[in-house]
Amino acid sequence: MRSRTETSGRRDFIKRLAMPSAAGAMTMRKDAHGDEVSLLGYGMMRLPTVDGGHANSYSGGSSAAIDREEVYAQVDLAIERGVNYFDTSPAYCRGESEGVTGDALARHPRERYKIATKMSNFSPSQYPIEKSRELYERSRKLLHAERIDYYLLHAVGMGGFKTFQKRYVENGAIEFCLRERDAGRIRNLGFSYHGDKRAWEWLIDRHGKYHWDFVQIQLNYVDWRHGYETNKRNQDAIYLYGECEKRDIPVVVMEPLLGGRLARFNHALAENLVPLDPEASLAEWALRFAGHHRKVLTVLSGMTYREHLEENCAIFSPLKPLSDRELAVLEEAALAFISDRSVSCNSCNYCMPCPYGLDIPGIFSLYNAALSRKKPDWREFLAEYRRRIPYLRQANHCTGCGVCVAHCPQSIDIPREMRRMEGLIESLGEKELSQ
Numbered sequence: 114m115r116s117r118t119e120t121s122g123r124r125d126f127i128k129r130l131a132m133p134s135a136a137g138a139m140t141m142r143k144d145a146h147g148d149e150v151s152l153l154g155y156g157m158m159r160l161p162t163v164d165g166g167h168a169n170s171y172s173g174g175s176s177a178a179i180d181r182e183e184v185y186a187q188v189d190l191a192i193e194r195g196v197n198y199f200d201t202s203p204a205y206c207r208g209e210s211e212g213v214t215g216d217a218l219a220r221h222p223r224e225r226y227k228i229a230t231k232m233s234n235f236s237p238s239q240y241p242i243e244k245s246r247e248l249y250e251r252s253r254k255l256l257h258a259e260r261i262d263y264y265l266l267h268a269v270g271m272g273g274f275k276t277f278q279k280r281y282v283e284n285g286a287i288e289f290c291l292r293e294r295d296a297g298r299i300r301n302l303g304f305s306y307h308g309d310k311r312a313w314e315w316l317i318d319r320h321g322k323y324h325w326d327f328v329q330i331q332l333n334y335v336d337w338r339h340g341y342e343t344n345k346r347n348q349d350a351i352y353l354y355g356e357c358e359k360r361d362i363p364v365v366v367m368e369p370l371l372g373g374r375l376a377r378f379n380h381a382l383a384e385n386l387v388p389l390d391p392e393a394s395l396a397e398w399a400l401r402f403a404g405h406h407r408k409v410l411t412v413l414s415g416m417t418y419r420e421h422l423e424e425n426c427a428i429f430s431p432l433k434p435l436s437d438r439e440l441a442v443l444e445e446a447a448l449a450f451i452s453d454r455s456v457s458c459n460s461c462n463y464c465m466p467c468p469y470g471l472d473i474p475g476i477f478s479l480y481n482a483a484l485s486r487k488k489p490d491w492r493e494f495l496a497e498y499r500r501r502i503p504y505l506r507q508a509n510h511c512t513g514c515g516v517c518v519a520h521c522p523q524s525i526d527i528p529r530e531m532r533r534m535e536g537l538i539e540s541l542g543e544k545e546l547s548q
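Under our numbering, the first residue of the sequence shown carries the number 114, and numbering increases by one thereafter.
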């Protein structure tokens, strides 16, 4: 469910949408073939559920059925507002995203939308080429798509270089995708990058051979210069973007809000950004930064609620470029953001399910939310922790098995952080008893 501060901030922004100055045409960019693409892309990984939640797997996700009527209504609204890029995957929303997305889009003329999906062959059982091909063909069927407009090798680098080689190189998956592109069944071929520099260099250095039509990277004003600083396995986005720019490869942006952390109220950010424009939301600053760079083709946002869609469409209709002063202040905000003691968890849920039942993203999310306040209320944090994290899913049940670490795109040492969380909870409990 939405936090109070997130909801109120969004609601305040919505009041501005009725103003004439907020109206305009969606900013469009051109892809490698000269086709126009909306600068705002609809990420179909947090589809709404009938109970008011979203279907993004575990932490914060709901097990309720996807609300198809609401998805259809939001897709209709997005297309009406000029959004034409819809991004999905076989792995999203409990495996249901492609089917729902395909059904929603099929109600519109094909020229009104572009489909992006992925070869999400994460399981070793899916590495053989015949299994990876089955994923691809199933995607085309569910999406009602004779042609996939943007097809990605999914999460390249996650799990390390050897895993990347097994998923895409040794099994001939890249060559298969190239043949499908030559046949016209894939319009644009690219990959999404998640952290292993050797895998990045292997692919980007072979651009002359593979002719990547686009690359998807994590880009936001924190990771722009501090991706490596915050996580030694990451690369700074300015480096990744620069490598694409000099090869004239369009860039698709993921994590523009850093897993929502740049959209939630945070005193370290607000103290820098609010004076620039008291009416602008924190999300607006982050999205404007992501879209500011000329080789960015589209900025993906996972939009569960209609007000998110309304706000994001307004931000990109049209996009207001950032001034040098605004860019400088965003860098100041980034420095303030990384100076805290938060865990660099984006709630992507790749670490889940935990073999021992821990709610890993839920624990980190509560902790980061407490730190985002100017003066953290640790008594309130302890109460929320006990209320929202069932006892058997709490940090003290971590065995240190490390299964989660290999799946974390941010390379967080999750067992170590769980020990830190356990120590914090114990000390807060002891303080509570002593009072």
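Ideal Cβ placement from N, Cα and C applies to all residues, glycine included.
Small disclaimer: the values here were computed from a predicted structure and weren't measured.
Residue i - DSSP class collapsed to helix/strand/coil
i	result
L395	helix
M534	helix
H221	coil
N197	coil
L484	helix
P388	coil
I228	strand
P161	strand
G273	coil
G156	strand
I299	strand
H421	helix
H520	helix
H167	strand
P466	coil
C-beta contact flag for residue i and residue j at 7 Å
i	j	result
A381	L395	no
G340	D349	yes
P489	A483	yes
Y249	K279	no
S457	T343	yes
L435	G404	no
P203	S233	yes
Y463	H510	no
V366	L332	yes
F360	I351	Note that residue 360 corresponds to Arg in the displayed sequence, not to Phe. In this structure, I351 does not lie closer than 7 Å to R360 by Cβ.
A496	E535	no
L90	Y498	Residue numbering for the chain in the displayed model covers 114 to 548; residue 90 lies beyond these limits and cannot be assessed.
L160	C206	yes
R506	L471	yes
Residue i versus residue j - alpha carbon distance
i	j	result
N385	L448	10 Å
A217	G513	43 Å
E368	K227	20 Å
W315	G273	12 Å
L537	E543	10 Å
I527	V518	6 Å
L153	E545	47 Å
A178	A168	8 Å
L266	G321	17 Å
V163	N284	40 Å
D309	E224	36 Å
S236	A229	21 Å
A258	F289	18 Å
S485	A383	10 Å
A393	E424	11 Å
M141	V213	26 Å
V188	G415	12 Å
Y171	G475	Any reading at Y171 must be qualified, since the residue scores a pLDDT of 46, below 50, and its modelled position is unreliable; the value itself is stated next. Answer to the nearest angstrom: the Cα atoms are 9 Å apart.
L443	V387	11 Å
E183	S151	22 Å
E149	K143	5 Å
E445	L371	17 Å
P363	V328	7 Å
R533	S176	30 Å
Strand pairing of residue i, partner residues [DSSP]
i	result
S430	Per DSSP, none; premise fails for S430.
S151	M141
F304	L266 and V328
M367	Q331
T411	V365
I317	Looking at the DSSP assignment, I317 forms no beta bridge with any residue, so it has no partner.
H146	DSSP output for H146 lists no bridge partner at all.
I179	T162
I261	I299
Cβ separation of residue i and residue j, assumed to be a contact under 8 Å, to the nearest whole Å
i	j	result
Y155	F199	5 Å
L400	V412	6 Å
V269	S238	Not a contact, Cβ separation roughly 19 Å.
H406	Y354	6 Å
S210	M158	6 Å
R346	S524	4 Å
C357	K408	6 Å
G242	R298	The amino acid occupying residue 242 in the given sequence is Ile; Gly does not appear at that position. That belief does not hold up - the Cβ atoms of I242 and R298 are roughly 16 Å apart, past 8 Å.
Contact test: residue i Cβ vs the ligand FMN heavy atom, cutoff 6 Å
i	result
F274	Summarising the ligand content, the structure contains no ligands, and the ligand FMN is consequently not present.
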